[in-house]
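Heads up, the sequence shown is in the numbering used here, so the first residue is 300 and it goes up one at a time. Ideal placement from N, C-alpha and C gives every residue a C-beta, glycine not left out.
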Amino acid sequence: MTRHALTLSLALAACAVPAQTPPLPAVFGENRPAGADVLILRPIDEDSEEQRLIGDLLTGTVVFQAPYVRLDLPAARTAGVAIGDAEDEEAPLDTLVTVNGDQFSGLLLTPAFAFRVQGGGEINVRRELIQSLVRRADPAEAHGIPVRQQFRLHGGDHFSGSLLAGESITIAGAYGPVSLPLAELQTIRAPEEGGPIHAHAADGTVLAGALDPPRLTIELDCTAGLPVPPVPFSLHAGRISLLQCQPGPPIDVMLTAGPPPDLALPNATELPVGGERHDADLDQSQIDEYWFAAVQGRSYTITTENLSAADTVMELLAPDGTTQIQRDDDGGINMGSRILWTCGETAIHYLRVHQYGGGPQFLAQFPGGVLPQGYPRNFPRGNYAIWVEETGAAPASPVSGARP
């Protein structure tokens, strides 16, 4: 069988950029103190108070096993560790957050932490007694750690690092071999349910195909400069949901370290920023809810497309999930709804989509998107697509207008 390939030439030598970011202010919802470490212990029972040990972590190395890589990190490069609960379906695994904002899920292999309590002596606290470790913040903790490609995995892990293995990525497509330098690429995205990946170029080009070979070799930035550099690891391409091709900080606020967000609308579905379409059904009484991560000062275009028997109304809501920021019914010809908006606060924002009408009787355009009084409103189930794009001039943002 003949396979066509798209080769993306990656000039990785230019990607090592010194990190100049401030220290992470918090991990796992806990502020990081400047002069002490914090061990939060598991409650003895439901009625017991939370126990906290304030002092100095004496353990020099944190050993952590993710499904795809083992990390032996100096404690000084660790911002925090949260111990999972096997009986908690939402958080069964342990979580490691590094000082440069990487987040890994897996198993903490360090059996106990040596800890000096303020005003007391040294103790060893076993892993099974610990709920989380919050390391002190140091303004210089991330200095010297490079910032190269950003990787986001299905499941929530994310980290920065460098692609190795021949400095190229091959995508098997149906259109023949095409080569693009890294400088022309913005992001490579892969759907969680499988299917073709999509490479977004700076000129608006979107290329689809399958990664070949299926495994990538990666060198982590958080291990740079260690006395004994770890061996680069191999990662199956099916684990990666986003590869940010340009060096620099994450373009998506959800790549920053921290626990999954507490949603004001708990049933809302995530919409990745970057033009990835989400298709959904909609009936007359249904209200669909979505959330996306927005960054202060950046502009966004939020669009729905009416596919069949649908006439969507879309509302943009503030981080509280109730305050309406904008509302739109008719986004223009061949669109359902469209909102152009500049974010005033870095936070999770929400969208509500519901049916205004549907079917062929809604082909007519009405000024302002308002239906005449008495127009019929009982319509069959329809479907639509929705997507969010960043349209500001922020560096390394996904290509506006290009979507899978």
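List the whole-angstrom C-beta distance separating Val398 from Ala378, where the pair is believed to meet the contact cut-off of C-beta under 8 Å.
5 Å
Residue environment, Ala381, which counts as buried when at least 16 other CB atoms sit within 10 Å:
buried
What did DSSP end up calling Phe661 once you bin it into helix, strand or coil?
With a pLDDT of only 38 at Phe661, under 50, the local geometry of the prediction cannot be trusted, and the value read off the model is given with reservation. Helix.
Per-residue burial, Tyr655 [other beta carbons within 10 Å of its own, 16 or more giving buried]
buried
Selection from Asp393, Ala413 and Phe414 that minimises the alpha carbon distance to Ser704:
What the structure shows of the chain is the stretch from 300 to 703, and residue 704 is not part of that stretch, so it cannot be assessed.
State the DSSP-derived secondary structure class of Arg514, mapped to helix, strand or coil.
strand
Span of the beta strand (DSSP E) holding Val527?
No beta strand (DSSP E) holds Val527; DSSP gives it neither H nor E.
What does DSSP give as the partner residues of Gln543 in its beta bridges?
Gln449 and Thr486
Asp520 by DSSP, collapsed to three states: which one?
helix
Shortest alpha-carbon distance to Pro549 belongs to which of Glu440, Asp401 and Leu357?
Asp401
Could you pull out every unbroken beta strand (DSSP E) segment of at least 3 residues lying fully inside the region 346-393, listed in chain order?
350-356, 360-364, 369-373 and 377-381
Under a three-way DSSP split, which group does Gly405 fall into?
strand
Report back the beta-carbon spacing between Ile496 and Ala509 to the nearest angstrom; my notes put them in contact at under 8 Å.
7 Å
Report yes if the CB atom of Gln449 is closer than 9 Å to the CB atom of Gln543, and no otherwise.
yes
Taking Cβ positions, are His653 and Ala593 nearer each other than 9 Å?
no
Return the CA-CA distance between Ala684 and Arg576, expressed in angstroms with no decimal places.
6 Å
Find out if the Cβ-Cβ distance for the pair His535, Pro513 is shorter than 9 Å.
yes
Among Asp610, Val612, Phe591 and Arg451, nearest to Glu689 - alpha-carbon criterion
Phe591
Glu427, DSSP secondary structure in three states
helix
Closer than 8 Å by C-beta to Cys642: which residues in its own chain qualify, once you throw out the five before and the five after it? Chain order, please.
Ala593, Val594, Gln595, Gly596, Arg597, Ser598, Tyr599 and His648
Roughly how many angstroms separate the alpha carbons of Ser699 and Gly573, rounded to a whole number?
The pLDDT assigned to Ser699 is 30, lower than 50, so where the model puts this residue is not dependable; a value taken from the coordinates is nonetheless given after this. The alpha-carbon atoms of Ser699 and Gly573 are separated by roughly 8 Å.
Applying the 10 Å Cβ sphere with the 16-neighbour rule, what's the burial state of Leu462?
buried
Taking Arg538 and Leu406 to be in contact with their CB atoms under 8 Å, please state how far apart those CB atoms are, rounded to whole angstroms.
Not quite, the Cβ-Cβ distance comes to about 17 Å (not below 8 Å), so this is no contact.
State the Cα-Cα distance for the pair Val687 and Asp502, rounded to the nearest angstrom.
18 Å
Coil, strand or helix - Arg626 by DSSP:
strand
By the DSSP assignment, the beta strand (DSSP E) with Leu498 in it spans what residues?
Leu is not the amino acid found at residue 498; the sequence shown has Ala there. Run containing Ala498: Ile496 to Ala500, per the beta strand (DSSP E) assignment.
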